[in-house]
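Trainee:
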Amino acid sequence: DSGVTQTPKHLITATGQRVTLRCSPRSGDLSVYWYQQSLDQGLQFLIQYYNGEERAKGNILERFSAQQFPDLHSELNLSSLELGDSALYFCASSVGPQGDQETQYFGPGTRLLVL
Amino acid sequence: GENVEQHPSTLSVQEGDSAVIKCTYSDSASNYFPWYKQELGKRPQLIIDIRSNVGEKKDQRIAVTLNKTAKHFSLHITETQPEDSAVYFCAASKVGPGGSYIPTFGRGTSLIVHP
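Read top to bottom, the protein sequences are chains A and B. Whatever position you read off the first sequence (first residue = 1), add 4 for my numbering. Whatever position you read off the second sequence (first residue = 1), add 8 for my numbering.
1. With which residues is Thr18(B) paired in a DSSP beta bridge?
2. Name, in chain order, the residues that DSSP records as bridge partners for Glu66(A).
3. Between which two residues does the beta strand (DSSP E) containing Gly106(B) stretch?
4. Give the DSSP bridge partners of Ser101(B), in chain order.
5. Between Val23(A) and Leu116(A), which are expected to be in contact by the criterion C-beta below 8 Å, what is the C-beta distance as a whole number of angstroms?
6. Can you list, in chain order, the residues of its chain whose CB lies under 6 Å from that of Ile64(A), leaving out five sequence neighbours each side?
7. Report yes if the C-beta distance between Gly114(B) and Val12(B) is below 7 Å; otherwise report no.
8. Please list, in chain order, all residues of the same chain as Gln41(A) whose beta carbon is under 7 Å from its beta carbon, the five residues on each side excluded.
9. When the cut-off is 7 Å and only beta carbons count, does Tyr40(B) lie next to chain A?
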């Protein structure tokens with residue numbers, strides 16, 4: 005158990021809908037990263053937050069957005085869902101600039117199926 | 009941006025044999041190289057990592073080597089066991105605009121260890 009939690013574990017929805025994925029980092033970690041894992045694209049970095057602020061953006065679609073709250077949990081919002089958005093979504097956390105910032109610990113993931 | 013190539017995509021070995029997975033990266037600014045093991049349906053778990061100021065690192069049956077000049081790094085697993093069967097991902101990380109390490113992952117190697 006990495007100490008990173010994600011909810012829900014599974015999500016089934018329809019095209020055009022909007023969903024919210026939630027992540028709680030390890031105790032003490034300030035950085036949260038979101039990743040999408042699909043068969044054809046592999047593990048892709050989406051976005052990173054550090055202590056409530058967006059720090060880096062990767063291959064994140066405009067239909068997707070995220071935020072990190074004062075208690076450091078983060079939410080990834082996926083809207084106007086398409087079949088191709090079906091994937092495993094992982095969040096990971098790390099300490100941040102004051103500590104071992106390189107090492108990321110992954111949560112168990114949310115499996116999203118868009119029908 | 010960074011590009012990470014990982015080979016082979018599938019590796020089948022007999023229990024007790026050694027397994028080697030190789031990765032190359034393109035961006036000389038990358039300076040942190042983690043390896044993750046992902047069992048089916050589970051989260052990626054960090055198994056070993058290496059920083060660019062070190063050429064080799066070992067942890068029991070697992071070792072990683074790094075050649076900065078050639079921009080490649082490898083994972084070596086000795087005395088493989090059936091429980092080593094999983095998908096292994098390499099990553100090359102560098103500090104992003106926000107000051108945090110952002111990894112680029114390889115496409116993964118499916119390791120199968122036959123009893």
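For glycine and all other residues, C-beta sits at the position ideal for the given N, C-alpha and C. Given the structure is predicted, the values throughout are model-derived calculations rather than measurements.
Mentor: Reading from the atomic positions:
1. Ser118(B)
2. In the DSSP output, where bridge partners are listed per residue, Glu66(A) has none listed.
3. Counting along the chain, Gly106(B) falls outside any beta strand (DSSP E), and DSSP gives it neither H nor E.
4. Tyr40(B), Pro111(B)
5. 7 Å
6. Leu50, Ile51
7. yes
8. Leu47, Ala91, Leu92, Phe94
9. yes
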